[in-house]
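**Student:** In this note's numbering, the protein residues as written are 3 to 531.
Ideal Cβ positions, reconstructed from N, Cα and C, are used throughout, including at glycine.
Predicted model, so just to flag it, every value in this text is computed and none were measured.
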Amino acid sequence: MQHAVRGAQFSAGNSEGNAPGSQQAALEDHIVATWKSVREKLRGEFGATAYRYWLEPVALITVEAGVARLGAPNRAMRDWVSQHYLDRIQAFWHAEDPNVHFVEVVVATPEGATEQTAGRAARQDESTHAATSPVHNEPAQANPRYTAANYDAPGARKAPCQPAPVSAGQHMSHSPAGRGAIGSMADDGISAALDPRYTFDNFVIGKPNEFAYAAARRLAEAESVPFNPLFLYGGVGLGKTHLMHAIAWHIRRTQPHRTVIYLSAEKFMYRFIRALRDKNTVDFKDQFRSVDVLMVDDVQFISGKDSTQEEFFHTFNALVDQGRQIIVSADKSPSDLEDIEERLRSRLGSGLVADIHATTYELRLGILESKAERQRVELPQRVMEFLAHKITANVRELEGALNRVIAHSQLVGREIGLEMVQDVLHDVLRASERRVTIEEIQKRVAEHFNIKVSDMHSARRARAVARPRQVAMYLSKQLTTHSLPEIGRKFGGRDHTTVMHAVRKVEELHTTDPSLSEDIDLLRRMLES
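This is the structure we're talking about:
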C-alpha cells in the first residue's frame, strides 16, 4: 500500500489561518519521515515476516490534533494490529515526535473510507459507517491529511487553537486518559485506556455471568446511583474488566457530561505515592474526589499496603457521601480479601456484590461463535466444539487460541479443520491435558470437604460424601479430557449415566447455591494453579 502525500489536504482545525505552502510541505515531509522511521523500527523489532503480513499493509491516514490514525485493509487485520502491535507503534511514534500522543487503527476500504471501531456491534450494517469519518462526521479522505492544530513540527507555525471537538461516539481507545472519556480530567492522564472491543454488545451472556452482566447494565443505564459500590469478582479472564470497560463506554456515550475514571488499583497506588513524594496530596485528593464515576480494577493489589488502603478508604467515603458511583473488581469476594483493613472490607461489601463463575461449555461455545462472527471467519462446528471442550481455563486463553488458529490460516493459507487446529495448538492442548488428573482432583476435593479419598470410590450415599463425590466428577469433566465412562471407572466403576447426573446436578447448584459455588471456584483455581 502506497503512502503518497501528494494532494494531501492541510486542515488547521480551529486555528486562525492556514500555514504557508512551504510550511505545509515541511509539515508533510516531517510526518511522512516519522512514519517511515516508525515502520523501520517495527520491522527491526518484530522481524520481516510479521512485518510483511501484518504491518506493511497498514497505511497512514491522518495526523491531527496529536492523534495519528492508521488504516488497515480489513477488520481482522485492524484487530490483530491493535491487540499485538499498537502499544509499540504508539511508543515509537511518541519517541520520534512528542507532539503525537495517541495512535488508533481503523478499517480503511480500498476507496479510502474508514469505519468506526469503538463500541459498535459487529452485525451493524457496514455501509452506515463506511461512508463517514468516525470522528468528524465528514467524508473520509483517501490521501493523508495533516493539521497544525496542537502540532509543532519543524518549519510549521504553531497556530493558536482549541481542543478538537469530541462527539458522543468518538473513539477513545489507547489514550492514557480515555481520550474524551473523562471530560476535563482527560489531559491529566489519570484514566487508563478503554478497549473498544469491551462493550455490552460484545459480551456473551450465560449462567455464570448473567447476574454480573445485569448489575453492570443496570448501573450503566441508571441516571442516579442504584447501588454503591458495585463489586465484581471472579477468576482471571472471566469478564470483570470487560464489564467495567462496557460500563465506561455506555456512560460515555449516553451521559457524556459525567466524568469517569477507570484505572487499576496498582495505578491508584503509584499516583498516591507520587503525590506523597511531590508533597502534592491536595491535588491528588481533588482529582479523585471530584469525579462522577470511579472504577478501580483488581483492588486486591493494595492488600497489605496500609497507606494506600487508608487513602482509598477516605476517597471511597468522600465519593459515597457526594452520591457518586464507585465500581470495584477483585479476584475474591470482599470477605475473602486478605490483608485488607476490616473497615475497608466492610465498605466494599456494603453495596451489591456480583460474582462471575467459571465458564461452562455452553458459554465457551457461545463466545467462540460470537468472536468468529465478529472476525468474519467461518469455523466448522466441530472445531468450535473441540475448542470449547479442551480449553476451559478462562476466556482469554480461549480467545488467544482462536486468534492463533485464524492467524495461522491467514498466513499459511491452510483451511481451518480439526486436524489443523490440533497441529497449531498442540502445545496448548498438551498443557491443558496435563494441567490436572482425576486422582489429583479426588485428593483436593476430599481434603477440602474433609472426607477420605477412599470415599470417592466407595458406595456410600450419605450426603456428606455423595455431594463432594459429585463435585469431583464435575471437575473431572471440566478439567480433563476423559470421557464420561472413563471418569465413572475412576470413581469406583460407576456408570457413565451416574457421572452425567452428577455433572448436571452440580451445574444446577453452581448457580443456585452460593456457598457451593464458591467452593467449586476455589477448588478450580487451586487445581489450575
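1. Tell me the DSSP bridge mates of residue 343?
2. Around the C-beta of residue 515, are 16 or more other C-beta atoms found within 10 angstroms, so that it is buried, or is it exposed?
3. Can we count residue 33 as close to the ligand GTP, meaning its CB is less than 7 Å from some heavy atom?
4. Who are the near neighbours of residue 355 in its chain, counting only those whose CB is closer than 8 Å to its CB and skipping five residues on each side?
5. So residue 422 is in the alpha helix (DSSP H); what residue range does that whole segment cover?
6. Measure the beta-carbon distance from residue 404 to residue 389 and round it to whole angstroms, keeping in mind my assumption that it falls under 8 Å.
7. Is there contact here, the stretch 277 to 286 with the stretch 248 to 263, by at least three beta-carbon pairs under 8 Å?
8. From residue 275 to residue 317, what does the alpha carbon distance come to, in whole angstroms?
9. Mind checking whether residue 65 and residue 91 have CB atoms under 8 Å apart?
10. DSSP puts residue 528 in a beta bridge; with which residues?
11. Nearest-angstrom Cα distance between residue 227 and residue 294?
12. Does DSSP put residue 413 in a helix, a strand or coil?
13. Go ahead and label residue 414 buried or exposed: buried means 16 or more other beta carbons lie within 10 angstroms of its beta carbon, across all protein chains shown.
14. In three-state DSSP terms, what is residue 457?
15. Buried or exposed: where does residue 272 fall if 16 or more other Cβ atoms within 10 Å of its Cβ makes it buried?
16. On the three-pair Cβ rule with 8 Å, is the stretch 493 to 508 touching the stretch 458 to 475?
17. Comparing C-alpha positions only, which one of 345, 253, 297, 217 sits nearest to residue 270?
18. How would you label residue 466, buried or exposed, when you count the other beta carbons within 10 angstroms and need 16 or more for buried?
19. Shortest alpha-carbon distance to residue 214 belongs to which of 303, 360, 107?
20. Only counting the same chain, and skipping five residues up and downstream in sequence, which positions put a Cβ closer than 6 Å to that of residue 513?
21. Would you be able to state if there are at least three C-beta pairs under 8 Å between the stretch 316 to 332 and the stretch 195 to 209?
22. Taking DSSP as the reference, what is the three-state secondary structure of residue 202?
23. Please tell me whether residue 407 and residue 427 are closer than 8 Å, where the distance is taken between their beta carbons.
24. From residue 385 to residue 82, what does the alpha carbon distance come to, in whole angstroms?
25. Check residue 310 in the structure and name its three-state DSSP category.
26. Short of 7 Å in beta carbon distance, which residues of its chain neighbour residue 75, apart from the five on each side in sequence? Order them along the chain.
27. What number of angstroms, rounded off, separates the C-alpha of residue 409 from the C-alpha of residue 79?
28. Checking the sheet assignment: what are the DSSP bridge partners for residue 289?
29. Which residue from 529, 429, 400 puts its Cα closest to that of residue 449?
30. Rounded to whole angstroms, what's the CA-CA distance from residue 202 to residue 31? Just pull it up for me.
31. Could you give the distance in angstroms between the alpha-carbon of residue 401 and the alpha-carbon of residue 280?
32. To the nearest angstrom, report how far apart residue 332 and residue 339 are at their CA atoms.
33. Three-state secondary structure (DSSP) at residue 402?
34. I need the straight-line Cα distance from residue 444 to residue 470, nearest angstrom please.
35. Where do the ends of the beta strand (DSSP E) carrying residue 280 lie?
36. Could you tell me if residue 243 is buried or exposed, where buried requires 16 or more neighbouring beta carbons within 10 angstroms of its beta carbon?
**Tutor:** If we stick to the structure as given:
1. Looking at the DSSP assignment, residue 343 forms no beta bridge with any residue, so it has no partner.
2. exposed
3. Within the structure as shown, the ligand GTP is missing, as the structure has no ligands at all.
4. 233, 235, 335, 336
5. 420 to 426
6. 7 Å
7. no
8. 15 Å
9. no
10. Its beta-bridge partners do not exist; DSSP assigns none.
11. 10 Å
12. Reduced to three states, the DSSP call for residue 413 is helix.
13. exposed
14. Correct three-state label for residue 457: helix.
15. exposed
16. yes
17. 297
18. exposed
19. 360
20. 209
21. no
22. Looking at residue 202 - three-state DSSP - the assignment turns out to be coil, as it is neither helix nor strand.
23. yes
24. Going by C-alpha positions, residue 385 is about 21 Å away from residue 82.
25. helix
26. 59, 110
27. 9 Å
28. The partner list for residue 289 (beta bridge, DSSP) is empty, contrary to what the question assumes.
29. 529
30. 42 Å
31. 42 Å
32. 9 Å
33. Correct three-state label for residue 402: helix.
34. 9 Å
35. Per DSSP, residue 280 belongs to no beta strand (DSSP E) and is neither H nor E.
36. It is buried - the Cβ of residue 243 has at least 16 other Cβ atoms within 10 Å.
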